[in-house]
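Residue numbers (the numbering used here): 1109 to 1427.
Pasting the structure below:
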């Protein structure tokens, strides 16, 4: 039996679980401190403001565009490429003028910003679109986004609790909270813009991480019922080794697509792609060292996972 266990447990993951817990705890602590100390660089979806898309006949010099807006009284404007190197997206934060003014006043502000760029660009620029987002709408989106993540975690807790033993449900929630906090921590610590696409990516990370965790949990439950010998730590190690190839192949193929989006997709979806990249890496790590270590710490045993015997089963076996 020792030979079987050593063959299947090529990598002893659980022997490093304490180091992994210290590592994860340190990252979570840094993230939480950043939440309260630095906060988030919320995008226009959450803060409100004016969004202006402008098309140029040639490649745009972003620094020159920023200087033009700065000299025209829009020093707090954010300018970035949108899709191609000849299209830019301008974000103007909310002000008393835009919040209290009418639709005509808001249009005048966007027209003034476009006129500055158009004059500097020779009059050949194209105003593609203008959008206004009020601060009240931004506050509502912030609240609804937080509730969406909370409802997702509650739904997952109920689902895993019904499908598995309650220790697995708690372990999956611990892993998901770990993943969400670390993804948000990256955006807070490095002050990367947090907008609706990033929020969608965070929700997608929850689903991706749960899928990986469920695969690992299913194999753990199967091996607990099948293996007659071996400690819980050995059984979990065996399960992790059996699912390791599937986990790595899935994660690597997903990361290839995400890196392509991050590099070639343009600046507008950098945040979305980055959130998914961090989420896939953290989710793969957590399914091994957080979710599995959590059920072991919660005291899972073979007796907890054995199917209940049916009443009268002994009588049915009697000839």
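Using N, Cα and C, we set each Cβ at its ideal position, and we do this for glycine too.
Residues bridged to residue 1237 (per DSSP): To locate residue 1237, count along the chain shown from 1; it is residue 129. In DSSP, residue 1237 forms a bridge with 1161.
Buried versus exposed call for residue 1284 [16 or more other C-beta atoms within 10 Å across all chains shown]: Residue numbering aside, residue 1284 sits at position 176 when the chain shown is read from its first letter. Burial call: buried.
Residue 1072 vs residue 1148 beta-carbon contact at 8 Å: Residue 1072 is absent from the model: the chain starts at 1109 and stops at 1427.
Bounding residues of the alpha helix (DSSP H) (the contiguous stretch that carries residue 1332): Your numbering for residue 1332 matches position 224 in the chain shown. Per DSSP, the continuous alpha helix (DSSP H) segment holding residue 1332 begins and ends at 1304–1334.
Between the CA atoms of residue 1327 and residue 1237 - distance to the nearest angstrom: Against the chain shown, residue 1237 aligns to sequence position 129. Against the chain shown, residue 1327 aligns to sequence position 219. Near 52 Å, if we compare the C-alpha coordinates of residue 1327 and residue 1237.
Residue 1185 classed as buried or exposed, judged by whether at least 16 other C-beta atoms fall within 10 angstroms: Position 77 of the chain shown, counted from the first residue, corresponds to residue 1185. Residue 1185 comes out buried.
Buried or exposed (CB count within 10 angstroms, at least 16 for buried), residue 1171: Along the chain shown, read from residue 1 onward, the residue named residue 1171 stands at position 63. Flag for residue 1171 reads exposed.
Opening and closing residue of the alpha helix (DSSP H) in which residue 1288 lies: Translated into the one-based positions of the chain shown, residue 1288 becomes position 180. From DSSP, the alpha helix (DSSP H) with residue 1288 extends over 1274–1297.
Cβ shell of residue 1348 (< 7 Å), same chain only, five flanking positions each side left out: The residue given as residue 1348 occupies position 240 in the chain shown. Within the same chain, residue 1348 has close Cβ partners 1121, 1324, 1396, 1400.
Euclidean distance between Cα positions of residue 1135 and residue 1128: One-based indexing of the chain shown puts residue 1135 at position 27. One-based indexing of the chain shown puts residue 1128 at position 20. Going by the C-alpha atoms only, they are around 11 Å apart.
For residue 1198, the residue or residues it bridges with in DSSP: Locating residue 1198 in the chain shown gives position 90, where the first residue counts as 1. In the DSSP assignment, residue 1198 is bridged to 1160, 1187.
DSSP bridge partner residues for residue 1150 (one or two, in chain order): The residue labelled residue 1150 in the question sits at position 42 within the chain shown. 1302, per the DSSP bridge assignment.
Three-way DSSP call (helix, strand, coil) for residue 1169 in this model: Residue 1169 sits at position 61 when you count from the first residue of the chain shown. Residue 1169 falls in the coil class under three-state DSSP.
Alpha helix (DSSP H) segment containing residue 1137, residue limits: As a working mapping, residue 1137 is identified with position 29 in the chain shown. For residue 1137, the uninterrupted alpha helix (DSSP H) segment begins and ends at 1125–1145.
Extent of the continuous alpha helix (DSSP H) run through residue 1118: To locate residue 1118, count along the chain shown from 1; it is residue 10. For residue 1118, no alpha helix (DSSP H) run applies, since DSSP gives it neither H nor E.
Reference residue 1197; option with closest CA among 1158, 1281, 1227, 1215: One-based indexing of the chain shown puts residue 1197 at position 89. Measuring from the Cα of residue 1197, the nearest candidate turns out to be 1158.
With 16 other Cβ atoms within 10 Å as the buried cut-off, status of residue 1183: Walking along the chain shown from the start, residue 1183 turns up at place 75. Exposed: under 16 other Cβ atoms inside 10 Å.
Other residues of its chain near residue 1176: CB distance less than 7 Å, five sequence neighbours each side excluded: Sequence index remark: in the chain shown, residue 1176 carries index 68 (1-based). Same-chain partners within the cutoff: 1224, 1225, 1228.
Through-space distance from residue 1321 to residue 1232, alpha-carbon basis: To locate residue 1232, count along the chain shown from 1; it is residue 124. To locate residue 1321, count along the chain shown from 1; it is residue 213. The C-alpha of residue 1321 is placed about 54 Å away from the C-alpha of residue 1232.
Inter-residue spacing [alpha-carbon to alpha-carbon] between residue 1337 and residue 1343: The residue you call residue 1337 lines up with position 229 of the chain shown. The residue you call residue 1343 lines up with position 235 of the chain shown. The straight-line gap from Cα to Cα measures roughly 9 Å.
For residue 1193, the three-state DSSP class (helix, strand or coil): Looking up residue 1193 in the chain shown gives position 85. Residue 1193 falls in the strand class under three-state DSSP.
Among 1189, 1163, 1316, nearest to residue 1372 - alpha-carbon criterion: Counted from its first residue, the chain shown places residue 1372 at position 264. Nearest option by C-alpha distance: 1189.
Cβ separation of residue 1275 and residue 1403, assumed to be a contact under 8 Å, to the nearest whole Å: Against the chain shown, residue 1275 aligns to sequence position 167. Against the chain shown, residue 1403 aligns to sequence position 295. Yes, they are in contact, since the Cβ atoms of residue 1275 and residue 1403 sit about 5 Å apart, within 8 Å.
Proximity to residue 1161 [Cα-Cα], best of 1370, 1392, 1249, 1239: Reading the chain shown from its first residue, position 53 is the one you call residue 1161. The option with the nearest alpha carbon to residue 1161 is 1239.
Contact set for residue 1209: own chain, Cβ-Cβ below 7 Å, skip 5 residues either direction: Residue mapping note: residue 1209 aligns to position 101 of the chain shown, counting from 1. Caution applies to residue 1209, whose pLDDT of 49 falls short of 50 and renders its modelled position unreliable; the value that the coordinates give is listed next. Excluding residues up to 5 positions away in sequence, nothing lies with its Cβ nearer than 7 Å to the Cβ of residue 1209 in the same chain.
Secondary structure, alpha helix (DSSP H): runs of 4+ residues fully inside the stretch 1338–1393: For the stretch 1338–1393, the continuous alpha helix (DSSP H) assignments of 4+ residues that do not extend past its boundaries occur at 1340–1372, in sequence order.
Host alpha helix (DSSP H) of residue 1406 (start-end): Here residue 1406 corresponds to residue number 298 of the chain shown, with the count starting at 1. Unbroken run through residue 1406: none, as it is neither H nor E.
Separation of residue 1279 from residue 1265, as counted between CA atoms: Your numbering for residue 1265 matches position 157 in the chain shown. Your numbering for residue 1279 matches position 171 in the chain shown. A direct Cα-Cα distance of roughly 9 Å separates residue 1265 from residue 1279.
Pairwise C-alpha distance: residue 1291 and residue 1376: In the chain shown, counting from the first residue as 1, residue 1376 sits at position 268. In the chain shown, counting from the first residue as 1, residue 1291 sits at position 183. Spanning the two alpha carbons is a distance of roughly 19 Å.
Local conformation of residue 1268 per DSSP, three classes: Here residue 1268 refers to the residue found at position 160 of the chain shown. Reduced to three states, the DSSP call for residue 1268 is helix.
Residue burial classification, residue 1345 (beta-carbon count within 10 angstroms, cutoff 16): Numbered from its first residue, the chain shown carries residue 1345 at position 237. Per the 10 Å Cβ criterion, buried.
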